[in-house]
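Protein chains in written order, with the working numbering: chain A, 3 to 140; chain B, 35 to 182. In this text, a Cβ means the ideal position worked out from N, Cα and C, and glycines have one as well. In this text, all values refer to a predicted model and were calculated from it rather than measured experimentally.
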Amino acid sequence: MITKLNHVSVFVLNQDSALDFYVNKLGFKVHTDAPMGPGMRWLTVCPPEQPELEITLMPIEDGMMFKDGAAEQMVELVKKGTFGFGVFECNDLLATYEELKSKGVVFKKEPKKEFYGYEALFVDDSGNWFSLSEKKRE
Amino acid sequence: MKDDYPKIYLYKRIVQAKLFIDKNYFDKIDLDNISDESYFSKYHFIRLFKTTYGKTPHKYLTIVRIEKAKLLLKKRNTVIETCFAVGFESSSSFTGLFKRIVGLTPSEFQKKEMLRESELVTMPLKYIPNCFAENKGWTKNSNFQEVT
């Protein structure tokens, strides 16, 4: 029986820049930052109230994961905003929207009431998009 | 659009108050001043802040201070240095509050983090799912100690 998700990967164009975005703009915490040899690093962050979910900031590099030009193709797809990686939840969407906007986060969709509650869409510094949602107000 | 939300102008003021705490957590922060600057009565301010962030401004300030303290302790600052750097005036109240929230005293937390930091250098594979480590070719690096 599967019980939980504890790691998920987000492919980023630059780990340093992604670290700055996820920590200083979104307010996430660094979970693990391990040097893995020259130019390599295992870097995970987690949402402030979900320390058990590690989001791996995975650089797109030639190697075993991306072979035969796949890295170049992947970079192009990420830059085009092809990938949506998930839904983040907050207590109050408009307050979070105002704060993130003041920090320079780009939104693809402004807060809007949907059937299930309020939602907005923002993009990270690489071009990956995420939904930001709030539980339905009673 | 956003007009579904009641009283949008209130949000901007509450967000400003939260950002003020984020920036000035190490100073003496008087909630009366923040509520005055936000043009709210203290009672109204606390109620709106709690509705927006799920905790009172005082509780939020405490959490910000403890989180900053954790970062400073990880960077090897002493407990006393950390205590004053994040805005506490007494090390005993800092230590007590830290233990209540984190579950460890600041010294215990620092010791645990130092051990983890050292392991991240000597045996990082302990912290990386093997499927990824293998994919990256890191399991072949003989410089890393094997996890026992």
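Check whether chain B comes within 8 Å of Glu-101 (chain A), counting only Cβ atoms and requiring the distance to be less than that.
Mapped onto the first sequence, residue 101 (chain A) falls at position 99. Any Cβ of chain B closer than 8 Å to the Cβ of Glu-101 (chain A) would place that residue at the interface, and such an atom is present.
Is DSSP giving Thr-5 (chain A) helix, strand or coil here?
Reading the first sequence from its first residue, position 3 is the one you call residue 5 (chain A). For Thr-5 (chain A), the three-state secondary structure derived from DSSP is coil.
Do Leu-134 (chain A) and Thr-98 (chain A) have their beta-carbon atoms positioned less than 8 Å apart in this structure?
To locate residue 98 (chain A), count along the first sequence from 1; it is residue 96. To locate residue 134 (chain A), count along the first sequence from 1; it is residue 132. Thr-98 (chain A) is a Cβ neighbour of Leu-134 (chain A), given a cutoff of 8 Å.
Identify the continuous beta strand (DSSP E) that holds Met-76 (chain A) and give its terminal residues.
Here residue 76 (chain A) refers to the residue found at position 74 when the first sequence is read from its first residue. DSSP places Met-76 (chain A) in no beta strand (DSSP E) but in the uninterrupted alpha helix (DSSP H) bounded by 72 to 81.
Which residues in the same chain as Met-3 (chain A) place their Cβ atom closer than 8 Å to its Cβ, once the five residues preceding and following it in sequence are excluded?
As a working mapping, residue 3 (chain A) is identified with position 1 in the first sequence. Around Met-3 (chain A): no qualifying Cβ.
Just the C-alpha distance for Leu-82 (chain B) and His-33 (chain A), rounded to the nearest angstrom, thanks.
As a working note, residue 82 (chain B) is residue 48 in the second sequence. As a working note, residue 33 (chain A) is residue 31 in the first sequence. The C-alpha of Leu-82 (chain B) lies about 31 Å from the C-alpha of His-33 (chain A).
So, are the CB atoms of Val-12 (chain A) and Ile-57 (chain A) less than 8 Å apart?
Your numbering for residue 12 (chain A) matches position 10 in the first sequence. Your numbering for residue 57 (chain A) matches position 55 in the first sequence. It is a contact, given that the beta carbons lie within the stated cut-off.
Is Pro-163 (chain B) close to chain A? Criterion is C-beta to C-beta, closer than 8 Å.
What you label residue 163 (chain B) is simply residue 129 of the second sequence in a count that begins at 1. Yes, Pro-163 (chain B) lies at the interface with chain A (some Cβ there is under 8 Å from its Cβ).
Please go through the same chain and pick out, in chain order, the residues whose beta-carbon is closer than 8 Å to the beta-carbon of Ser-125 (chain B), but skip the five residues on each side of it.
Translated into positions along the second sequence, residue 125 (chain B) becomes position 91. Spatial neighbours of Ser-125 (chain B) in its own chain (CB-CB distance under 8 Å, excluding positions within 5 residues in sequence) are listed in chain order as Val-113, Ile-114, Cys-117.
On the CB-based measure, 16 or more other CB atoms within 10 Å of its CB, does Gly-121 (chain B) come out buried or exposed?
Along the second sequence, read from residue 1 onward, the residue named residue 121 (chain B) stands at position 87. With a threshold of 16 other beta carbon atoms within 10 Å, Gly-121 (chain B) meets it and is buried.
Contact set between Leu-106 (chain B) and chain A, taken where Cβ atoms lie within less than 7 Å
Position 72 of the second sequence, counting from 1, holds the residue named residue 106 (chain B). Within chain A, no residue comes near Leu-106 (chain B); the closest Cβ sits about 14 Å away, beyond 7 Å.
Between the alpha carbons of Lys-57 (chain B) and Ser-104 (chain A), how many angstroms are there, rounded?
Sequence index remark: in the second sequence, residue 57 (chain B) carries index 23 (1-based). Sequence index remark: in the first sequence, residue 104 (chain A) carries index 102 (1-based). C-alpha separation (whole angstroms): 14 Å.
Identify, in the order they occur along the chain, each residue of the same chain with its Cβ nearer than 8 Å to the Cβ of Lys-36 (chain B), setting aside the five sequence neighbours on each side.
Translated into the one-based positions of the second sequence, residue 36 (chain B) becomes position 2. Residue placement at Lys-36 (chain B) is flagged as unreliable, the pLDDT there being 48, under the threshold of 50; a coordinate-derived value is accordingly withheld.
Starting from Pro-37 (chain A), find everything on chain B with Cβ-Cβ shorter than 9 Å and list it in chain order.
Taking the first sequence and counting its residues from 1, one reaches residue 37 (chain A) at position 35. Near Pro-37 (chain A) (Cβ distances below 9 Å), the residues of chain B are Leu-154, Val-155, Pro-158.
Is Met-66 (chain A) closer than 8 Å to Asn-169 (chain B) when the C-beta atoms are compared?
The residue given as residue 169 (chain B) occupies position 135 in the second sequence. The residue given as residue 66 (chain A) occupies position 64 in the first sequence. With respect to the 8 Å criterion, Asn-169 (chain B) and Met-66 (chain A) are classified as neighbours on the basis of their beta carbons.
Here's a check: name, in chain order, each residue in its chain whose Cβ is nearer than 8 Å to the Cβ of Ser-75 (chain B), leaving out the five neighbours to either side.
Taking the second sequence and counting its residues from 1, one reaches residue 75 (chain B) at position 41. Within the same chain, and ignoring the five residues on either side of Ser-75 (chain B) in sequence, the residues whose Cβ sits closer than 8 Å to its Cβ are Ser-69.
Roughly how many angstroms separate the alpha carbons of Lys-6 (chain A) and Arg-134 (chain B), rounded to a whole number?
As a working mapping, residue 6 (chain A) is identified with position 4 in the first sequence. As a working mapping, residue 134 (chain B) is identified with position 100 in the second sequence. Computed Cα separation, rounded: 27 Å.
Pick out whichever of B:Glu-153, B:Tyr-87, B:Ile-63 has its Cα sitting closest to the Cα of Ile-45 (chain B).
In the second sequence, the residue the question calls residue 45 (chain B) occupies position 11. First, the residue type needs correcting, since residue 45 (chain B) is Tyr and not Ile in the sequence shown. Of the candidates B:Glu-153, B:Tyr-87, B:Ile-63, the one whose C-alpha sits nearest the C-alpha of Tyr-45 (chain B) is B:Tyr-87.
Quick check on the burial criterion: 16 or more other C-beta atoms within 10 angstroms. Buried or exposed for Glu-101 (chain A)?
One-based indexing of the first sequence puts residue 101 (chain A) at position 99. Glu-101 (chain A) counts as buried, since at least 16 other C-beta atoms from the protein chains shown sit within 10 angstroms of its C-beta.
Opposite Leu-45 (chain A) in the DSSP bridges: which residues?
Reading the first sequence from its first residue, position 43 is the one you call residue 45 (chain A). Bridge partners of Leu-45 (chain A): A:Asp-35.
Can you tell me the Cα-Cα spacing of Gln-52 (chain A) and Ala-72 (chain A), whole angstroms?
In the first sequence, the residue the question calls residue 52 (chain A) occupies position 50. In the first sequence, the residue the question calls residue 72 (chain A) occupies position 70. Roughly 32 Å between the two C-alpha positions.
Cβ pair Val-14 (chain A), Met-60 (chain A) closer than 8 Å
Residue mapping note: residue 14 (chain A) aligns to position 12 of the first sequence, counting from 1. Residue mapping note: residue 60 (chain A) aligns to position 58 of the first sequence, counting from 1. Less than 8 Å divides the Cβ of Val-14 (chain A) from the Cβ of Met-60 (chain A).
Assign Val-49 (chain B) to one of two classes, buried (16 or more other C-beta atoms within 10 Å of its C-beta) or exposed (fewer than that).
If you number the second sequence from 1, residue 49 (chain B) lands on position 15. By the beta-carbon neighbour count (other beta carbons within 10 angstroms, threshold 16), Val-49 (chain B) is buried.
Would you say Met-67 (chain A) lies against chain B (beta-carbon separation less than 8 Å)?
Here residue 67 (chain A) is taken as the residue at index 65 of the first sequence, counted from 1. Flagged as an interface residue toward chain B: Met-67 (chain A), by a C-beta distance shorter than 8 Å.
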